[in-house]
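Peer 1: Throughout, my numbering is defined as the position within the sequence shown, counted from one, plus 804. C-beta: ideal position from N, C-alpha, C; glycine also. Here the structure is a predicted model, which is why all the values come from computation and not from measurement.
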Amino acid sequence: MKKILMLLVIFAFAVNAQDSKVPGGDYKAPLKSEIRNGKMIFASDDGKFSWWFDARIQFDAAMYFENKNPLSNGSLFRRNTFAVKATLWEDWQAEWDIDVSENVLDLRDMFIKYSFPGTNLSLRAGNFKEPIGMERLNSSRLLTFLERTAITNAIALGRRAGFEARYFTDYGQITAAIMGHELGTKIDKGTQDEGFSTNLRLSLAPINKHGFNLHVGAAGSYKIPEVTAEVGKNGIEINARTESYVFDPKFLHTGDILNVNYYNRYGLELAFITGPLLVYGEWLGTSIYRWDLPTVNLRGGYATASYMLTGETRYYYVDEGEIGAPEEPKSKWGALELAARFSYTNLNDIPAGIKGGMSRQYMFGLNYYPNMNIKLQFNYSILNLDEFATSKGRLNGDDDHSFVQMRFQASL
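1) Do GLY842 and ASN1177 have their C-beta atoms within less than 7 Å of each other?
2) Return the chain-ordered list of same chain residues with a C-beta closer than 6 Å to the C-beta of SER848, the five sequence neighbours on each side being excluded.
3) Along the chain, which unbroken stretches of the beta strand (DSSP E) at least 3 residues long are found entirely within the segment 957 to 1043?
4) Any idea what DSSP makes of SER1215, helix, strand or coil?
5) Under 8 Å by Cβ, that's how I've got PHE1016 and GLY878 pegged, so tell me the actual separation to the nearest angstrom.
6) Taking 7 Å as the cut-off, decide whether the C-beta atoms of LEU1088 and GLY1115 are in contact.
7) Applying the criterion that 16 or more other CB atoms from any shown protein chain within 10 Å of the CB defines a buried residue, is VAL1241 buried or exposed?
8) Which stretch, first to last residue, makes up the beta strand (DSSP E) that contains LEU950?
9) Using a Cβ-Cβ cut-off of 6 Å (strictly less than) and excluding sequence neighbours within five positions of LEU1006, which residues of its own chain qualify?
10) What are the start and end residues of each continuous beta strand (DSSP E) run of 3 or more residues lying completely inside the segment 841 to 896, in chain order?
11) Beta carbon of SER1110, beta carbon of GLU1141: below 7 Å?
12) Do the segment 935 to 947 and the segment 959 to 971 make contact, defined as three or more Cβ pairs closer than 8 Å?
13) To the nearest angstrom, how far is it from the Cα of LYS872 to the Cα of TYR1120?
14) Give me the residue from ASN1068, THR885, PRO1174, ASP974 with the minimum Cα distance to SER1135.
15) Name the DSSP bridge partner or partners of TRP1137?
16) Rounding to the nearest angstrom, what Cα-Cα distance links GLY1197 and GLY1059 in this structure?
17) I'd like to know whether the C-beta atoms of TRP1095 and ASN1065 end up nearer to each other than 7 Å.
18) Determine the extent of the alpha helix (DSSP H) in which LEU941 is found, giving its start and end residues.
19) Hey, SER1147 and THR1046: beta-carbon distance below 7 Å or not?
20) Going by C-alpha to C-alpha distance, which of GLY1079, MET1210, ILE955, ILE1028 sits closest to ASN1183?
21) Could you pull the start and end residues of the beta strand (DSSP E) that TRP1095 belongs to?
22) Quick one: residues in its chain with C-beta nearer than 6 Å to the C-beta of VAL819, no 5 flanking neighbours on either side, listed in chain order?
23) Please look up how many angstroms separate the CB atoms of GLY1161 and LEU1062, rounded, as I've assumed it's under 8 Å.
24) Taking Cβ positions, are THR1149 and ILE955 nearer each other than 7 Å?
25) Taking all protein chains shown into account, decide if SER1013 is buried (16 or more other Cβ within 10 angstroms of its Cβ) or exposed.
26) Using alpha carbons as the reference points, say which of LEU1074, GLU1041, VAL1100 lies closest to SER1195.
27) Would you say LEU1004 and PRO1010 are within 7 Å of each other, going by their C-beta atoms?
28) Can you tell me whether ALA929 is buried or exposed? The criterion is at least 16 other CB atoms within 10 Å of its CB, across all chains shown.
29) Under the three-state reduction of DSSP, which class applies to ALA1156: helix, strand or coil?
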């Protein structure tokens, strides 16, 4: 009985809300809904407003073939995200995106964006990814393998609070940004200034036809260390998982790098799409300048190739300089993709006293797309580590091993 009364009260409030005026004027427009590429879209007939949801479930499992260190097999929800994206009054956009995997709330993309009418120029403010690293900028929904490469995780840091300007044409884009701290960073307000970075990324697409694309890009970043409780003033640490998340204790870890004045990061990008074949790679690095100590140089790169066995090609987004999703499967039973990757990560600079470890990693994958919303992935990896890949001395070095992992993904 109580539940029925509660429903009646809610219904009464809803009816009353429909009859009341919304403050701000008398503008009204019909709202239509449709399914567009597997996503539910609500849009006004005049094109001034639209809203759509972008939710994601990624459930992973992995088995590790141990060598010198115990590694736990298991499973987890890698991502459980929910986002609301909107166009407001035609020229304004906003996004609100959260992740609740492993019962931890993580704020992801949270920004407001303005697109200048009649131009390809936009400004954005909020929390979003730094414009460095093609693989980092690519959505996790679209990754060829379960995880990004170790060098991407080490150098391209991901989301930060900041401001960004972007301009694009039919053959390229340029993005400039000033970024602050990662959300949740503990800063001693009143005694320390917040660290920041300036970033610039340029990508060119001299060939830009659907199913036939060439992408060339470069990015650079100047960064002042963030002040964190873990490392302290003028200190940083650089680490990376070796391309698995279910259990990976970050073999690659520099430990604390102290007395840092500033550090530069850089990246070079290359991608080529021709029909069902996709080839892409990056070279990333950083130079860390310290007071009264040698400069630290860390670097690495990767090369990836994939082939759609069922004949589909991939989209390319020139306005973002990013590789998109495969086409809708040509067959009613879905699409298949074979992929291989080699990555190299070197977090050692012995003359500068940094021994963070080095990895050479081979990854092989099979992806199955039953439709545009579901993706099943299987990876097998062979990993070679040097004697300094010890996660700051907590593990045994020179631990060459392999693993298999798989993912069930739904994009709602």
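Peer 2: This is what the structure holds:
1) For the purposes of this step, residue 842 is identified with residue 38 of the sequence shown, where counting begins at 1. For the purposes of this step, residue 1177 is identified with residue 373 of the sequence shown, where counting begins at 1. Between GLY842 and ASN1177, the C-beta spacing is below 7 Å.
2) For the purposes of this step, residue 848 is identified with residue 44 of the sequence shown, where counting begins at 1. Taken in chain order, the residues that qualify are ALA833, LEU835.
3) Secondary structure within the segment 957 to 1043: the beta strand (DSSP E) runs of 3 or more consecutive residues, fully enclosed, are 963 to 973, 976 to 983, 1001 to 1013, 1016 to 1027 (chain order).
4) Residue mapping note: residue 1215 aligns to position 411 of the sequence shown, counting from 1. Of the three classes helix, strand and coil, the one that applies to SER1215 here is strand, per DSSP.
5) The residue labelled residue 1016 in the question sits at position 212 within the sequence shown. The residue labelled residue 878 in the question sits at position 74 within the sequence shown. That pair is no contact at about 42 Å.
6) Indexing the sequence shown from 1 puts residue 1088 at position 284. Indexing the sequence shown from 1 puts residue 1115 at position 311. No. Outside cutoff.
7) This structure leaves residue 1241 out entirely; the chain is present only between 805 and 1216.
8) By 1-based counting over the sequence shown, the position of residue 950 is 146. Looking at the DSSP string, LEU950 is not in any beta strand (DSSP E), and its letter there is neither H nor E.
9) Within the sequence shown, residue 1006 is the residue found at index 202, counting from 1. For LEU1006, where only same-chain residues beyond five positions count, the Cβ hits under 6 Å are ILE978, ALA1022.
10) You should have 843 to 848, 854 to 869, 878 to 892.
11) If you number the sequence shown from 1, residue 1110 lands on position 306. If you number the sequence shown from 1, residue 1141 lands on position 337. Closer than 7 Å, so yes.
12) Flag = yes, the segment 935 to 947 and the segment 959 to 971 touch.
13) The sequence position of residue 872 within the sequence shown is 68, counting from 1. The sequence position of residue 1120 within the sequence shown is 316, counting from 1. Whole-angstrom Cα-Cα distance: 42 Å.
14) Position 331 of the sequence shown, counting from 1, holds the residue named residue 1135. When only C-alpha atoms are compared, the closest one is PRO1174.
15) For this step, residue 1137 is matched to residue 333 along the sequence shown. Bridge partners of TRP1137: none, in fact.
16) Position 393 of the sequence shown, counted from the first residue, corresponds to residue 1197. Position 255 of the sequence shown, counted from the first residue, corresponds to residue 1059. Taking the straight line from one Cα to the other gives about 9 Å.
17) As a working mapping, residue 1095 is identified with position 291 in the sequence shown. As a working mapping, residue 1065 is identified with position 261 in the sequence shown. Their beta carbons are under 7 Å apart, which means TRP1095 touches ASN1065 by this criterion.
18) Your numbering for residue 941 matches position 137 in the sequence shown. Run containing LEU941: 938 to 941, per the alpha helix (DSSP H) assignment.
19) As a working note, residue 1147 is residue 343 in the sequence shown. As a working note, residue 1046 is residue 242 in the sequence shown. Taking 7 Å as the Cβ cut-off, SER1147 and THR1046 do not qualify as a contacting pair.
20) As a first step, residue 1183 must be located in the sequence shown, where it is residue number 379. When only C-alpha atoms are compared, the closest one is MET1210.
21) Along the sequence shown, read from residue 1 onward, the residue named residue 1095 stands at position 291. That residue, TRP1095, is in no beta strand (DSSP E); it is neither H nor E in DSSP.
22) The count along the sequence shown starts at 1 and reaches residue 819 at position 15. Low confidence applies here, because VAL819 scores a pLDDT of 49, under 50, leaving its location unreliable and the question unanswered by this model.
23) The residue you call residue 1161 lines up with position 357 of the sequence shown. The residue you call residue 1062 lines up with position 258 of the sequence shown. About 19 Å separates the two Cβ atoms, so there is no contact after all.
24) One-based indexing of the sequence shown puts residue 1149 at position 345. One-based indexing of the sequence shown puts residue 955 at position 151. Judged by beta-carbon spacing, ILE955 lies within the 7 Å limit of THR1149, meaning their Cβ atoms are closer than that value.
25) Taking the sequence shown and counting its residues from 1, one reaches residue 1013 at position 209. Note that residue 1013 is Lys in the sequence shown here, rather than Ser. Under the 10 Å beta carbon count, LYS1013 is surrounded by fewer than 16 other beta carbons and is classified as exposed.
26) Looking up residue 1195 in the sequence shown gives position 391. The residue with the shortest Cα to Cα distance from SER1195 is GLU1041.
27) Indexing the sequence shown from 1 puts residue 1004 at position 200. Indexing the sequence shown from 1 puts residue 1010 at position 206. In this structure, PRO1010 does not lie closer than 7 Å to LEU1004 by Cβ.
28) For the purposes of this step, residue 929 is taken as the residue at position 125 of the sequence shown. Of the other Cβ atoms in all chains shown, fewer than 16 fall within 10 Å of the Cβ of ALA929; this residue is therefore exposed.
29) The count along the sequence shown starts at 1 and reaches residue 1156 at position 352. In the structure shown, ALA1156 sits in a helix (DSSP, three-state: H, G or I).
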